[in-house]
Each structure stands twice: as structure tokens, then as C-alpha cells.
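Asker:
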Amino acid sequence: MNMNTDELDSPNNSDNEQLDKTVNDATPKTEEEDSNNTTGIADESPEDYGNSEQIEQTSISDEDSNSSSDMVEQSESLEDPNNLEKMILSTGIRVGTPIKTKFMTSFITRANPEGLYILDISKTLARIDVAAKFIGRTNIANVAVTSAREYGKTPIEKFCELTGARGIFGRFMPGTFTNPSLPKYLEPEIVIVTDPQADEQAVLEATRAGVPVIALSNSDNITSKVDLVIPSNNRGRKALATVYWLLTKEVLKKQGKIKSDSEMPLTIDDFEAKLVEELI
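Going by the UniProt record's numbering, 132 is the number at position 132 of the sequence shown; the sequence numbering is gapless.
1) If you reduce the DSSP assignment to three classes, tell me which class VAL243 lands in.
2) Looking only at its own chain, which residues have a Cβ that is under 7 Å from the Cβ of ALA206, when we skip the five neighbours before and after it?
3) On the criterion of 16 or more Cβ atoms from any shown chain inside 10 Å, does SER68 qualify as buried, or is it exposed?
4) Considering only residues of the same chain and omitting the five flanking positions on each side of LYS153, which have a CB-CB separation below 7 Å?
5) Closer than 8 Å by C-beta to LYS100: which residues in its own chain qualify, once you throw out the five before and the five after it? Chain order, please.
6) Cα-Cα, which of VAL211, PRO196 and ILE88 is closest to SER122?
7) State the start and end residues of the unbroken alpha helix (DSSP H) segment that holds THR207.
8) Assuming the contact rule is C-beta atoms closer than 8 Å, LEU119 and GLY96 should be a hit. Round their C-beta distance to whole Å, please.
9) Kindly indicate which residue of MET104, THR91, ARG94 and PHE134 has the alpha-carbon position closest to the one of GLN255.
10) Excluding five sequence neighbours on each side, which residues of the same chain lie with their C-beta closer than 6 Å to the C-beta of ARG166?
11) Taking C-beta to C-beta, are THR194 and LEU162 nearer than 9 Å?
12) Taking the CB atoms as reference points, tell me whether residue 282 and ALA132 lie closer together than 9 Å.
13) Could you give the first and the last residue of the continuous beta strand (DSSP E) run that contains SER217?
14) Applying the criterion that 16 or more other CB atoms from any shown protein chain within 10 Å of the CB defines a buried residue, is LEU228 buried or exposed?
15) Buried or exposed: LYS253, going by 16 or more other Cβ atoms within 10 Å of its Cβ?
16) Are residue 281 and PHE103 closer than 9 Å when you measure CB to CB?
17) Return the chain-ordered list of same chain residues with a C-beta closer than 6 Å to the C-beta of ARG127, the five sequence neighbours on each side being excluded.
18) Can you tell me whether DSSP reads TYR117 as helix, strand or coil?
19) Closest to ILE268 by CA distance: which of GLY115, GLU114 and LYS158 is it?
20) Could you check how far apart the C-beta atoms of GLN201 and PRO180 are, in whole angstroms? I think they sit under 8 Å.
21) So VAL154 is in the alpha helix (DSSP H); what residue range does that whole segment cover?
22) Report the three-state DSSP secondary structure of VAL191 (helix, strand or coil).
23) So, using beta-carbon positions, are ARG237 and TYR151 closer together than 9 Å?
24) Please report the straight-line C-alpha distance between MET264 and ARG137, rounded to a whole angstrom.
25) What does a CB cutoff of less than 8 Å around LEU204 pick up in its chain, not counting 5 residues either side in sequence?
26) Which value, in whole angstroms, describes the spacing of the CA atoms of ASP261 and ARG149?
27) Expressed to the nearest angstrom, what Euclidean distance is found between the alpha-carbon atoms of PHE271 and THR242?
The structure is reproduced here in C-alpha cells:
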């Protein structure tokens, strides 16, 4: 598949044609939105874009609270769109890296005082909606999700648990999508990756097999083999949990399993990977 600088591949089958049209209809195009902060939320000032704990300005929930109180607190927040936006932004979901590629330029609004590129949250949410619609037209059992990043494993476990998608955990075995003789050979209809660089093998094999690729992509990612980019911080624990929580929520709506945000059965905290020291 050949990519242009708008990062959406030229379609090579009917699925990609539908994806192309849906993306074009859903993605904000205004140049002013690309160069200005339209959220009204103060710039994040992280010391480390990969550590979402340093990115946070407000806490999503008390670490010591139990899951029941978390669920009540989140449900109340979801009733107000403004609260939901603040909750999402507090996770550092839009904080990029000090580097940007030509593929990600259209998803960047500006650089913050620390020199980190800030991603356009409106485009992130629009792309999540596009991805959910595309996934909703597919047999969910044929959607493969993988993450080479440790902090991405818990989020995809929860995504697969709630939606029915197929998770690929641990090391991605070369030939998984291209070698029928392998015991764990798969023929997915859609592949979702957490980072197009870290999950390069999965992206390459999906491309060879003609399978559309949806990728969480940061400001420094090269997305030449990605069909649908979801611009987001794909390094931080809370950011990854938030992106997959949002995607899960929208997919569940398309599946008819929930009707509103407040019916989401798990919280963002449930999607968050634990730190190593927390597991000891």
C-alpha cells in the first residue's frame, strides 16, 4: 500500500474504500484548528512525555478508592461532556514527543513550552469514532489487536474482553498473518496496533496480506503503511488506557451492547497497566 502525506492509504479493496470515505467525512479539516488550541484547556507541562504520571494535571480517580466508587464517579463525570473532556485531557492523551514526522503534521496543533508537540484532541476523537464504525462493520472475532509496548497489554486485554476481538499477547511471531503452516496463524480482517514502529512486524505482515491497519500514532511515528491513524500519546500508561477505553466504548455502542457513555462497564483505571513495583 502506498501512503500519501495525509497518511490514509489509497484503497485496495471495498473495505478500504469505505474506510477512506468515512475518514474524509469525519476528520476536521480547518487549518485554524491545526494551529490553535480549541479545547480551552491549559497546556500540559510534562517532564517526560512517555510517563503519563508526570503529564497529569488532575487525577482521574483516587488510587486508594475501590472499583465501585470509581464506577460511580466516572458515570457521573460522563453525564457532562465537559467533564469527560477534562478527564480525558488529564491523562496526557494529546501530549506528543519533541519530534514530528511529515505523516503526523496535520494532527499537531502546536508545541508546548517544553518543546513537546501537542496533538489535536478533536481529531483523536474523530478518528476513534471512524475506527469504531469500521470495526462495527466487521466480524469482531476477525479483528486482531497487538502491542509490543508493555503498557499497551492491559488495555488491549480489556478491549478484547469487552468487544470479542482477538488479542495477540507477548512477542509477535513472524508469519502470524502470512504463514499458514504456523499453529497460531491468523487471517484477520482488521489489525489494530499500539505503535506502528514497535509493532512493525504486525504492520508489515498485515500490509502484505492486504489487511487494513489501524494504529495509535504519536507525533514521531512514520505511518506510511497505516490505513487509519488515531493520533495519540502511545507511550504513557494512562494515555494508552484512555485511548483503548474510548475505542472500546464506541465499539460497544456500535455493537448495541451499550447505549450511552454512562453504561460503560469498566473505568479508565481498569484499562491501565500496573507498574512493576505494584505487582511485587
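Ideal Cβ positions, reconstructed from N, Cα and C, are used throughout, including at glycine.
Answerer: Quick look at the numbers:
1) helix
2) PHE177, VAL191 and VAL213
3) Reliability fails at SER68, whose pLDDT of 47 lies under 50, so the model's placement of it is uncertain and the value that follows must be treated cautiously. Exposed is the call here.
4) SER147, PHE169 and ALA273
5) ILE108, TYR117, SER219 and ASP220
6) ILE88
7) 200 to 208
8) 5 Å
9) PHE134
10) ALA144
11) no
12) Shown here, the chain extends from 1 to 280; a query on residue 282 therefore has no answer.
13) 213 to 217
14) buried
15) buried
16) The chain is shown from 1 up to 280; residue 281 falls before or after that span and cannot be answered.
17) ILE230
18) strand
19) LYS158
20) Going by Cβ atoms, the distance from GLN201 to PRO180 rounds to 17 Å, so no, they are not a contact pair.
21) The amino acid occupying residue 154 in the given sequence is Thr; Val does not appear at that position. Looking at the DSSP string, the run of the alpha helix (DSSP H) that includes THR154 is 153 to 163.
22) strand
23) yes
24) 21 Å
25) LYS225
26) 28 Å
27) 7 Å
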